[in-house]
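Undergrad: The structure's right below; bear with me while I get my questions together.
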Amino acid sequence: HLVIGVLAIQGGVLEHINHIKKLGYDAIEVKKIEDLEKIDGIILPGGESTAISKILRERNMLNPLAEAINKGLPAWGTCAGMILLAKEIEGEDACHLGVMDIRVKRNAYGSQLYSFVTLESIHEVCNEPLELIFIRAPYIVEVSKETKVIHKVGENIVAAKEKNILVTSFHPELSSSLEFHEYFIEKFVLGR
Ligand code: GLN
Numbered sequence: 026h027l028v029i030g031v032l033a034i035q036g037g038v039l040e041h042i043n044h045i046k047k048l049g050y051d052a053i054e055v056k057k058i059e060d061l062e063k064i065d066g067i068i069l070p071g072g073e074s075t076a077i078s079k080i081l082r083e084r085n086m087l088n089p090l091a092e093a094i095n096k097g098l099p100a101w102g103t104c105a106g107m108i109l110l111a112k113e114i115e116g117e118d119a120c121h122l123g124v125m126d127i128r129v130k131r132n133a134y135g136s137q138l139y140s141f142v143t144l145e146s147i148h149e150v151c152n153e154p155l156e157l158i159f160i161r162a163p164y165i166v167e168v169s170k171e172t173k174v175i176h177k178v179g180e181n182i183v184a185a186k187e188k189n190i191l192v193t194s195f196h197p198e199l200s201s202s203l204e205f206h207e208y209f210i211e212k213f214v215l216g217r
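Note that the numbering used here numbers the sequence shown so that position 56 is 81, with each residue one more than the last.
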């Protein structure tokens, strides 16, 4: 049976696990290298990307996780998770996992729009409008030819996919809708 892992170092872990369980799938916390062998897909939650990256490195998980994703493990990064997956981070010299060919801008909405919620239709995901929740969110400033943009808010790219990887600037685990989790599991994990 299908097991979805949620990287459980920091951030919105339980919210993702609860959403997956509500859809009827198994979800486990991923805390060490061995956990990577038990899962069919992984969610990298929001939190603080630099803190998560530091702990991944300390636990010797950064390279094994990047390798697993490069080999095809379906991965979905929300907010800080998107920053962890990106190959380039604006204004910073280094990246973290560096597996998705996008350039992201951290805290891109600045202090005035620190957090906000907007209702938007994302037809790729479902027909009903979805509540998109942004918290000190990044957005994507550049994509490669391999990347498909899924959604923009105004001019800014806030959801995209590339091969086995999905990223969102916002937090579907904090809204009551299960549509985004269902989309990830059906299109990326089952449809692989
Ligand atoms: N600002 C955070 C970072 O740069 C991301 C915020 C979030 O995940 N809610 O890592």
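Just so it is clear, CB atoms sit at the ideal spot from N, CA and C, and this is done for glycine as well.
Beta strand (DSSP E) containing S140: first to last residue?
TA: For the purposes of this step, residue 140 is taken as the residue at position 115 of the sequence shown. First-last of the beta strand (DSSP E) with S140: S140 to E145.
Undergrad: First and last residue of the alpha helix (DSSP H) that includes R131?
TA: Working through the sequence shown from its first residue, we reach residue 131 at position 106. No alpha helix (DSSP H) contains R131, which DSSP labels as neither H nor E.
Undergrad: For A185 and V174, what's the separation of their Cα atoms in angstroms?
TA: If you number the sequence shown from 1, residue 185 lands on position 160. If you number the sequence shown from 1, residue 174 lands on position 149. In a straight line, the C-alpha of A185 is about 4 Å away from that of V174.
Undergrad: Which residues does DSSP list as the beta-bridge partners of H176?
TA: To locate residue 176, count along the sequence shown from 1; it is residue 151. H176 is bridged to A184.
Undergrad: Shortest alpha-carbon distance to C104 belongs to which of G37, A91 and E83?
TA: Position 79 of the sequence shown, counting from 1, holds the residue named residue 104. Ranking G37, A91 and E83 by Cα distance to C104 puts G37 first.
Undergrad: Within 7 Å: the Cβ of S200 and any heavy atom of the ligand GLN?
TA: Start at 1 with the first residue of the sequence shown, and residue 200 comes out as number 175. For the ligand GLN, not one heavy atom lies less than 7 Å from the Cβ of S200.
Undergrad: Rounded to whole angstroms, how far is the Cβ of T172 from the Cβ of I114, which I believe are closer than 8 Å?
TA: Here residue 172 is taken as the residue at index 147 of the sequence shown, counted from 1. Here residue 114 is taken as the residue at index 89 of the sequence shown, counted from 1. With 8 Å as the limit, T172 and I114 do not qualify as a contact, their Cβ atoms being about 16 Å apart.
Undergrad: Leaving out the 5 sequence neighbours to the left and right, which residues in its chain are closer than 8 Å to I29 when beta-carbon positions are compared?
TA: Mapped onto the sequence shown, residue 29 falls at position 4. The answer, listed in chain order, is I45, Y50, D51, A52, I53, I64, D65, G66, I67, I68, I210 and V214.
Undergrad: Measuring alpha carbon to alpha carbon, tell me which residue in N189, H148 and G106 is nearest K130.
TA: The residue labelled residue 130 in the question sits at position 105 within the sequence shown. Out of N189, H148 and G106, G106 has the C-alpha closest to the C-alpha of K130.
Undergrad: What residue from H176, K188 and L203 has the CA that sits closest to S194's CA?
TA: Translated into the one-based positions of the sequence shown, residue 194 becomes position 169. When each option's Cα is compared against that of S194, the closest is H176.
Undergrad: Name the residue from V166, S201, K112 and A133 whose alpha carbon lies nearest to the alpha carbon of N95.
TA: Position 70 of the sequence shown, counted from the start, is the residue given in the question as residue 95. Selected option, being the one with the closest Cα: K112.
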